[in-house]
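To start, the structure itself, in structure tokens.
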Amino acid sequence: MPDDRLRLIFTCCHPALSMAAQVALTLRLLGGLTTAEIARAFLVPESTMAQRLVRAKGKIRDAAIPYRVPVEAELPLRVSAVLAVVYLIFNEGYSASAGTELTRDDLCAEAIRLGRTLTELMPNEPEVIGLLALMLLIESRRATRTAADGSMVLLRDQDRTRWNQALIAEGQRIVRRCLAANRPGPYQIQAAINAVHGDAAVASATDWRQIVELYDQLSVIAPGPVVALNRAVAVAETSGPVTALALVDRLDLTDFYLFHAIRADLLQRLGRNNEAKAACQAALGRVTNARERAFLEERLRAMD
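Once you know that position 238 of the sequence shown is 237 in numbering that gives the first Met the number 0, the rest is easy, because the numbers rise by one and skip nothing.
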């Protein structure tokens, strides 16, 4: 394993710990994330995450788990946790949970570097290369997420002529390799979803039906409320905001600011402005990034 940091990540992701504990502890010790940022990634309160980290450290101590670089035969037992660590580092870089900037270039660059190194190490693992494709396709849009004044720009309003076409082409090539392997996994499906976005020269040309179908597959392989929330956003484009809102309202995500922000958007599209304002205010009460807060405040002013 040629990369020192990747070696440490594999070492820290010990199968004696639960998957969640492996990922959280590695993000804290090696990923450059704070406890609050990790808590946001897991959608739990910071105090809960702090307790989990303490328990994980205690288990390592009490069970005398050795600090040892795994041999090659042990890597498959750890690779899922390692991929989750790399992806969550990238997520925090692409959408910073706090601070004055929307993105953190250093974390995005490091996650992609680790993803490329993993691909060199395990070139025939579809989920490994799928994660790299996913990060490249999302990264291709990062420069257009903010306007010249630093304000946030939604995907549908981004200047697609400024998307990084080289990253899109590379990501889509990898997605085609994944399809040929026919061993689908969550990262590969998410990469395929982002490849569909990359195909659309303008927002109105997006093949939302294909995206909904891909989310249907993802919901079977990796079900969860955030997947369901993202699927509802796509359903709004194919079946309308009434159907999408019914799906969103079934979810238990009341502590997640994006849940409320998406509800606000759907309610506003339905002309239910008072409810939309209440949802936007709920999102404002939970957001911790200054750029996202400013975006929501502007949206609330527009509703008024």
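All residues carry an ideal CB built from backbone N, CA and C; glycine is no exception.
With distances taken between CB atoms, is the gap from residue i to residue j smaller than 8 Å?
i      : j      : result
Trp162 : Thr143 : yes
Ile91  : Arg77  : Note that residue 91 is Glu in the sequence shown, not Ile. Not in contact: Glu91 and Arg77 (Cβ atoms no closer than 8 Å).
Arg10  : Arg67  : Going by the sequence as given, residue 10 is Thr instead of Arg. In this structure, Arg67 lies closer than 8 Å to Thr10 by Cβ.
Ala132 : Ala190 : yes
Leu136 : Ile111 : no
Pro183 : Ile220 : yes
Asn229 : Ala95  : no
Arg194 : Gln171 : The question names Arg, but residue 194 in the sequence shown is Ala. For Ala194 and Gln171, yes; Cβs fall inside 8 Å.
Drop a sphere of 10 angstroms on the beta-carbon of residue i, count the other beta-carbons inside from all chains shown, and report buried for 16 or more, exposed for fewer.
i      : result
Pro122 : exposed
Gln187 : buried
Tyr312 : In this structure the chain extends from 0 to 303, so residue 312 is not present and cannot be described.
Ser174 : According to the sequence shown, residue 174 is Val rather than Ser. By the 10 Å Cβ count, Val174 comes out buried.
Leu101 : buried
Ala263 : buried
Glu36  : buried
Ala387 : Nothing can be reported for residue 387: it is not among the residues displayed for the chain, which extend from 0 to 303.
Leu16  : buried
Glu291 : buried
Gly114 : buried
For the candidate residues the options, whose alpha-carbon lies nearest to that of residue i?
i      : options                       : result
Val286 : Ser79, Thr242, Thr99, Gln267  : Thr99
Ala233 : Ile192, Phe294, Leu252        : Ile192
Pro75  : Pro125, Leu28, Leu217, Pro224 : Pro125
Leu82  : Glu212, Arg140, Ala23, His196 : Ala23
Leu5   : His13, Leu29, Gly170          : Leu29
Pro222 : Arg39, Ala245, Pro185, Leu266 : Pro185
In whole angstroms, what is the alpha-carbon distance linking residue i and residue j?
i      : j      : result
Val85  : Leu269 : 39 Å
Ile8   : Thr25  : 6 Å
Ala235 : Ser203 : 13 Å
Pro65  : Ser79  : 20 Å
Val247 : Gln280 : 17 Å
His196 : Ala63  : 48 Å
Leu250 : Leu283 : 19 Å
Leu42  : Ala275 : 23 Å
Ser139 : Asp61  : 45 Å
Leu252 : Phe258 : 6 Å
Tyr214 : Arg27  : 30 Å
Ala278 : Ile59  : 43 Å
Thr237 : Trp207 : 6 Å
Asn273 : Asp198 : 37 Å
Gln157 : Thr205 : 13 Å
Val241 : Ala260 : 16 Å
Pro44  : Ala97  : 14 Å
Phe294 : Ala301 : 11 Å
Arg141 : Ala243 : 27 Å
Could you round the C-beta distance between residue i and residue j to whole angstroms and report it? I think they count as a contact, below 8 Å.
i      : j      : result
Val127 : Thr118 : 6 Å
Thr34  : Ala20  : Contact flag wrong, Cβ pair sits at about 14 Å.
Leu87  : Ala40  : 5 Å
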